[in-house]
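Down below is the structure, laid out as structure tokens.
Protein chains: 2
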Amino acid sequence: MKKTDTRDRIVEAATVLFQLKGYHATGLNEILRESNAPKGSLYYYFPEGKEQLALETVNLTKEFVEKTIKERLAKIQDPAESIKNSIEEMADLVYTQKDEKLALRSTKKVSINLIALETAATNENLRKACESAFNVWQDAYTQKLIEGGFNREKAETLGLVIQSMVEGAIIMSLTKKSDKPFIEIAKQIPILLA
Amino acid sequence: MKKTDTRDRIVEAATVLFQLKGYHATGLNEILRESNAPKGSLYYYFPEGKEQLALETVNLTKEFVEKTIKERLAKIQDPAESIKNSIEEMADLVYTQKDEKLALRSTKKVSINLIALETAATNENLRKACESAFNVWQDAYTQKLIEGGFNREKAETLGLVIQSMVEGAIIMSLTKKSDKPFIEIAKQIPILLA
Numbered sequence: 001m002k003k004t005d006t007r008d009r010i011v012e013a014a015t016v017l018f019q020l021k022g023y024h025a026t027g028l029n030e031i032l033r034e035s036n037a038p039k040g041s042l043y044y045y046f047p048e049g050k051e052q053l054a055l056e057t058v059n060l061t062k063e064f065v066e067k068t069i070k071e072r073l074a075k076i077q078d079p080a081e082s083i084k085n086s087i088e089e090m091a092d093l094v095y096t097q098k099d100e101k102l103a104l105r106s107t108k109k110v111s112i113n114l115i116a117l118e119t120a121a122t123n124e125n126l127r128k129a130c131e132s133a134f135n136v137w138q139d140a141y142t143q144k145l146i147e148g149g150f151n152r153e154k155a156e157t158l159g160l161v162i163q164s165m166v167e168g169a170i171i172m173s174l175t176k177k178s179d180k181p182f183i184e185i186a187k188q189i190p191i192l193l194a
Numbered sequence: 001m002k003k004t005d006t007r008d009r010i011v012e013a014a015t016v017l018f019q020l021k022g023y024h025a026t027g028l029n030e031i032l033r034e035s036n037a038p039k040g041s042l043y044y045y046f047p048e049g050k051e052q053l054a055l056e057t058v059n060l061t062k063e064f065v066e067k068t069i070k071e072r073l074a075k076i077q078d079p080a081e082s083i084k085n086s087i088e089e090m091a092d093l094v095y096t097q098k099d100e101k102l103a104l105r106s107t108k109k110v111s112i113n114l115i116a117l118e119t120a121a122t123n124e125n126l127r128k129a130c131e132s133a134f135n136v137w138q139d140a141y142t143q144k145l146i147e148g149g150f151n152r153e154k155a156e157t158l159g160l161v162i163q164s165m166v167e168g169a170i171i172m173s174l175t176k177k178s179d180k181p182f183i184e185i186a187k188q189i190p191i192l193l194a
């Protein structure tokens, strides 16, 4: 087995556990058991332990979701139609199985909103990593709006509003087991951007 | 000490721990230690253990927040102005100390969004309790809109959208340590309701 395989297995196991149980309830021993990795290798790759592992999973999710949002937004030129369509695509992911990386509750990425709510008051490093993820996603909407002719100030405000609406829809959809929050949020986008 | 005092102390201790560590990471032994209650009394009042305690804290928060939203909305007759003002009042609570019950991160109530994200996929009883809280809060906005002359269907859709926006603003504000998400969401309300 290659060294990189071991590191990947540790990150994959941590991702599953953070996603199913959250940050606080996940222990390093469980991550070792799930990943089937020797204890020494966990400390070799992640000398800072659980926090460093969580930062890694947050950053991987941040990059994956950023890429996904940008690909969605690139499909349609008009910003209102493009952002509306992007949110409608998220609606389809409410019912997707958790072994698919795009699924709302996928165990192949972490929920930034869960880790953010768990750590915002207690762990500055993780809070800042989650904030950075939200900022990067928000900025994808802002850039699309600027390309579509909005001035920077207006585009930044709307980027923040859209990102907030999406995070809210994620929580409401998961809790209600329904895609309706995404569907209804999507319909408001052309009104907000008019 | 009266019996009710013991029960209250158990609920208060559970609320603090669920709020600081989340549902999964909180153990019954910690709740006992924090509440200074005898082990027998915890099982006497909450024979179903941690889940029953969490349901109690979720329901208490649901009622408190419902009352708060309705009081805010009653201050102004016009629905758009009233809902905008209600969200602006939430902005002030981003920086409020956690020992105040209204504070965004108060330890005197639980975060429904945190418990919802923790349990939506793994605990149907808690998921449904969180869903019920969101529904009751959403319905407060819907009722205000109906009183203001909106038809029921439109009012229900907007209630869901507003509740989603508020939940998103809560997450973004906590993570960014900023009241800006609430401020900007509030400004969109008159546009959505026009």
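Quick mapping for you: the protein sequence lines, in order, are chains A and B. Everything in the first sequence is counted per the UniProt record's numbering, starting at 1 for the first residue and increasing by one. Everything in the second sequence is counted per the UniProt record's numbering, starting at 1 for the first residue and increasing by one. Backbone N, C-alpha and C fix where the C-beta goes; we use that ideal spot for every residue, glycine too.
- DSSP, reduced to helix, strand and coil, places Ile-76 (chain B) outside both helices and strands of the structure shown, so it counts as coil.
- Between the alpha carbons of Glu-48 (chain B) and Thr-157 (chain A) lies a gap of roughly 47 angstroms.
- Note on geometry: alpha-carbon atoms of Phe-18 (chain A) and Ala-133 (chain A) lie some 17 angstroms from one another.
- Residue contact with chain B for Gln-97 (chain A): absent (no Cβ-Cβ distance below 8 angstroms to any residue of chain B).
- Taking C-beta atoms as the reference points, Ser-35 (chain A) and Arg-72 (chain A) fail to come closer than 8 angstroms.
- Using a Cβ-Cβ cut-off of 8 angstroms, Ile-31 (chain B) does not count as an interface residue toward chain A, since no Cβ of chain A sits closer than that to its own.
- In the same chain as Ala-169 (chain B), and ignoring 5 residues on each side of it, the C-beta atoms closer than 6 angstroms to its own belong to Pro-181, Phe-182, Ile-185, in chain order.
- Taking a beta-carbon distance threshold of 8 angstroms, Gln-77 (chain A) does not count as an interface residue toward chain B.
- Contact annotation: the region 148-157 of chain A does not touch the region 90-107 of chain A, with fewer than three C-beta pairs closer than 8 angstroms.
- Here Ala-13 (chain B) has Ile-31, Glu-34, Ser-35 as same chain residues with Cβ atoms under 7 angstroms from its own Cβ, once five neighbours each way along the sequence are excluded.
- Proximity of Glu-131 (chain B) to chain A, defined by a Cβ-Cβ separation below 8 angstroms, is satisfied.
- Nearest to Leu-126 (chain B) by alpha-carbon distance, out of B:Glu-51, B:Leu-20, B:Lys-39, B:Leu-104, is B:Glu-51.
- Between the beta-carbon of Ser-173 (chain B) and that of Met-172 (chain A) there is about 17 angstroms, and that puts the pair past the 8 angstroms contact cut.
- Against chain A, the CB of Met-172 (chain B) has a partner CB under 8 angstroms away; the residue lies at that interface.
- Scanning chain A for C-beta atoms nearer than 9 angstroms to the C-beta of Glu-184 (chain B) yields Thr-157, Leu-158, Leu-160, Val-161, Ser-164, reported in chain order.
- By the criterion of a C-beta distance shorter than 6 angstroms, Ala-91 (chain B) is surrounded in its chain by Asp-179, Phe-182, Ile-183, once the five residues flanking it on both sides are discounted.
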